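As you go down the protein sequences, you meet chains A and B in turn.
Mapping of the first sequence onto numbering that gives the first Met the number 0: residues 0 to 293, in sequence order.
Mapping of the second sequence onto numbering that gives the first Met the number 0: residues 0 to 415, in sequence order.
Each residue gets a CB set at the ideal place from its N, CA and C atoms; glycine is no exception.
The structure displayed is predicted, hence computed values, not measured ones.
I have placed the structure first, in the form of structure tokens, so that the comments after it can refer back to it.
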Amino acid sequence: MEFSFLFSQFLSGLTYGMILFLVASGLSLIFGVMNILNFAHATLWLIGAYFCYSFWYLMQGYNFALWVSIPLAGFACAAVGWVTEIVLIKHIYKRELHEQLLITYALALIFADLIKIVWGPTDRLIARPPAIQKPVFIFGAPFDSYFIFVILAGFAVALGLWWFLKYTRYGHIVKAAVFSREMVGALGIPIPKIYTWVFTLGIFIAGFAGGVQAPIGSVNLGMDIAIIIQAFCVVVIGGFGSLLGTLVGAIIVGEVFSFAILYWPAGAMVLIFVITAAILIIRPWGLFGTPMRT
Amino acid sequence: MKSKALKIVFVFVALVFLVGLAGSGKVMSAEPYNLGVALGFTGTGTLYSKDQLEGIHVAVDEINAKGGFLGKYPIKVFQRDTQTKPDVGVREVKDLILRDKVRAVINDYSSAVAVAVKPICREYKTLHIAAISNSENITKINYSPYTFQVVPNSYMQAKAAVLAIAKMAKDKGWKEYVTLASDYEWGRSTQEEVVKELKKVAPQLKLKKEFWPRLGETQFTSFITSIMAMKPDFVYPCLASKDNVSFIEQARPYGFFEKVTFAGGMVSVTELIIEAKTVPRGLVSITRAPFFAHLDVPMMVNFVKNYRAKYKKYPSDWAVMGYDAVYSLKQGIEKAKTIDTDKVKDAMKGLTVDLTRGKLRFRPIDNQLSCSSYVGVVGDDPKYPFPILKDVIEVKGAESERPEAEIVAARKAEQK
């Protein structure tokens, strides 16, 4: 096989992986810090995509419309997340995981109906600015120029989160809360507020990811269900709560899928589930995670 | 005294006679023909149903301008929203029959709704015309003599696509192809049928690879790069609705459609109009009733003129088929010389009708109209503000219909 083809297939897998990372990183962060298994995460990602469409629609005609709409979608979604945390999530911190899953699944259904009421059932399409309508050629193989941005955005979010957790005071508090929320509380740090902000940050990333997704194909109902299962596979493979694990898990899923379709097209998705199941059996806390605290 | 009694009897008889006449409605006013239209005006069928309704109204206006059916039964349209849901469709159609006393129902965008409504219409002896829903099962199995279909059914469309592609393959020397089909029942069965048929009609074509994206796939990038690297002569897609849109949107920035022929996906006139700027030129697409393919038929020219005058736009496939549904009914009534439903139903069986798409016949075994499917290449035309299908290959109904023996076998199997 030609090198240019293999490289373009690798880039396709990396793009796929970065989309999954953007969805899964917020999910993993929220679970890692708050122990909340949020099934509605992907629906908030979808809301982000719809927000991006709306902002773009208001500004269409300007070349910068898309680039402004993507972060705005993140902020709008963060506001939804903030309200959701205060109204619902904070009341289910101490529930069992299966109860959280059921409650947040119900939340996903409610959000899906709200999307239908606000944006209607019709698919939404964003026209890309002229600069990213044509492919770039890498080693002679065409590659969607927007996907360069997707890959960079994925790494930027990974880097930004890593920097936040490692070098900022709030990041240290968040990390400390993962290991001993009682101790952090005893030091006078308001844990409920920390949780609210962590949840809001996680949903900001989901909304931003939705914005990144919006110009790729159409924005439509049901996209969230398609991606949430894969996002769970990513965090299971990488390890719940591990940023590095989520990044590696996403790249593994993306690349396995991308190359599997060349040799076993009908089984590409099965292979991902096989890997996920194997990880669950051999190392239930994932490649880079730590055993769950009790 | 005697003459007074006679006068009273005369006045009484006269009054009874007049009241009776008024009650019959035959002398006081012409009896209307109640026509039910139960379509998905909300839900996924909104866009196509709206277009279809407009086509129906143009036909109704034209016929009513001449006094209605048979020149004396003005058509009165009763509209209902099925929400593109079978349960709602059944409820609404039942209501149309019982409350509004409709004699015929044009229904629905969704095949699932049409299949659910069929037994209701049979039970209440009401004509049922499926104008745009095209599942073959509407007419193939669980046969109802009251149900007629004026759209090329799913088998006819798949067969038409295969025949058109086989012709293109011969003309262009195509040798290899790949399939890209959604991994669920419809995608798998359609892909299987197409591959099987292509083997028969174009044995020189080699299937290089089968790709199976999930239903609702959001990321087609790996499929796109992989297909482009394989350089097949064409891709046969079995992607529907959102998946089709997502694939096209994601493939376009790669320059995919300039390099690989994407042959067989459905792009109706609605999409050509709405997505005029973005629909990729060069797509080889199939469609059901494009007005521009039949501007040689005076009835189509007249329809386009009247439709444009009323709605200030060009008619879509769905509008054409809505219009044809009403005219099929009109010609059935004219043959029966009555609006009596049972007689009209019998008259329509095997009837040849003059429609916008030419002279077409309802096949007696299944009441399926022998209508054509149209395959062409999306391209611009200076006459229209949107792209149209060019180099159209019209695959006639007779070439694409399922053999009658297979229908008989399917019905036998159904009864077991």
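query: Same chain, Cβ closer than 6 Å to Asp223 of chain A, five either side skipped, listed in chain order; result: Ala41, Thr42, Leu45
query: Interfacial residues, the segment 93 to 115 of chain A to chain B, with Cβ spacing under 9 Å; result: none
query: Cβ of Ala265 of chain A within 8 Å of any chain B Cβ; result: yes
query: Under the three-state DSSP convention, the category Tyr32 of chain B falls into; result: strand
query: Through-space distance from Ala103 of chain B to Thr340 of chain B, alpha-carbon basis; result: 8 Å
query: Distance between beta carbons of Ala318 of chain B and Asp50 of chain B, contact taken as under 8 Å; result: 5 Å
query: Where the alpha helix (DSSP H) containing Val296 of chain B begins and where it ends; result: Unbroken run through Val296 of chain B: none, as it is neither H nor E.
query: Contacts that Val244 of chain B makes with chain A (C-beta to C-beta distance below 9 Å); result: Asp122, Leu124, Gly216, Ser217, Asn219
query: When B:Thr178, B:Ser221, B:Lys258 are compared against Cys237 of chain B, the one with the closest alpha-carbon; result: B:Thr178
query: Secondary structure, beta strand (DSSP E): runs of 3+ residues fully inside the segment 257 to 321 of chain B; result: 260 to 265, 283 to 286
query: Minimum C-alpha distance to Val194 of chain B - residue among B:Tyr176, B:Asn305, B:Ala130, B:Asp182; result: B:Tyr176
query: Inter-residue Cα distance where the pair is Ile164 of chain B and Ser240 of chain B; result: 21 Å
query: Coarse secondary structure for Ser7 of chain A, derived from DSSP in three states; result: helix
query: Test: Gln59 of chain A CB closer than 8 Å to a CB of chain B; result: no
query: Same chain, Cβ closer than 7 Å to Tyr154 of chain B, five either side skipped, listed in chain order; result: Glu135, Arg401
query: Nearest-angstrom Cα separation, counted from Leu388 of chain B out to Phe50 of chain A; result: 35 Å
query: Within-8 Å CB hit, Met268 of chain A to chain B; result: yes
query: C-beta neighbour in chain A for Pro289 of chain B, strict 8 Å; result: no
query: Straight-line Cα distance separating Glu30 of chain B from Ala21 of chain B; result: Unreliable positioning characterises Ala21 of chain B in this predicted model, as indicated by a pLDDT of 46, which lies under 50. The coordinate reading is nonetheless provided below. One C-alpha to the other measures close to 12 Å.
query: Beta-ladder partner(s) of Asp143 of chain A, from DSSP; result: A:Pro134
query: Separation of Gly375 of chain B from Pro289 of chain B, as counted between CA atoms; result: 11 Å
query: Listed by chain order, chain A residues near Met227 of chain B by CB distance under 9 Å; result: Phe4, Ser7, Ala140, Pro141
query: Cβ neighbours of Gly24 of chain B in the same chain (closer than 8 Å, five flanking residues each side left out); result: In this prediction, Gly24 of chain B has a pLDDT of 42, which is less than 50 and means its spatial position is unreliable; what the coordinates show is noted afterwards. The answer, listed in chain order, is Glu30.
query: Three-state class that DSSP yields for Cys51 of chain A in the structure shown; result: helix
query: Tyr235 of chain B classed as buried or exposed, judged by whether at least 16 other C-beta atoms fall within 10 angstroms; result: buried
query: Exposure of Leu96 of chain A, with buried meaning 16 or more beta-carbon neighbours within 10 Å; result: exposed
query: Distance, Asp345 of chain B Cα to Ile140 of chain B Cα; result: 19 Å
query: Chain-ordered residues of the segment 203 to 224 of chain B with a beta carbon less than 9 Å from chain A; result: Lys208, Glu209, Phe210, Trp211, Pro212, Arg213, Leu214, Gly215, Glu216, Thr217, Gln218, Phe219, Thr220, Ser221, Phe222, Ile223, Thr224
query: Min CB distance Phe256 of chain A to chain B below 8 Å; result: yes
query: Pair within 8 Å by beta-carbon distance, Asn33 of chain B and Asp94 of chain B; result: no
query: Span of the alpha helix (DSSP H) around Arg168 of chain A; result: 168 to 178
query: Pairwise C-alpha distance: Ser399 of chain B and Glu405 of chain B; result: 13 Å
query: CB contact flag (Lys205 of chain B, Lys174 of chain B, <8 Å); result: yes
query: Beta-carbon neighbours of Lys241 of chain B, restricted to chain A and to distances below 7 Å; result: Asp122, Ser217, Asn219
query: Residues near Val117 of chain A by beta carbon distance below 8 Å, same chain, minus five either side; result: Tyr49
query: Nearest candidate by alpha-carbon position, reference Lys174 of chain A, set A:Phe30, A:Glu1, A:Leu10; result: A:Phe30
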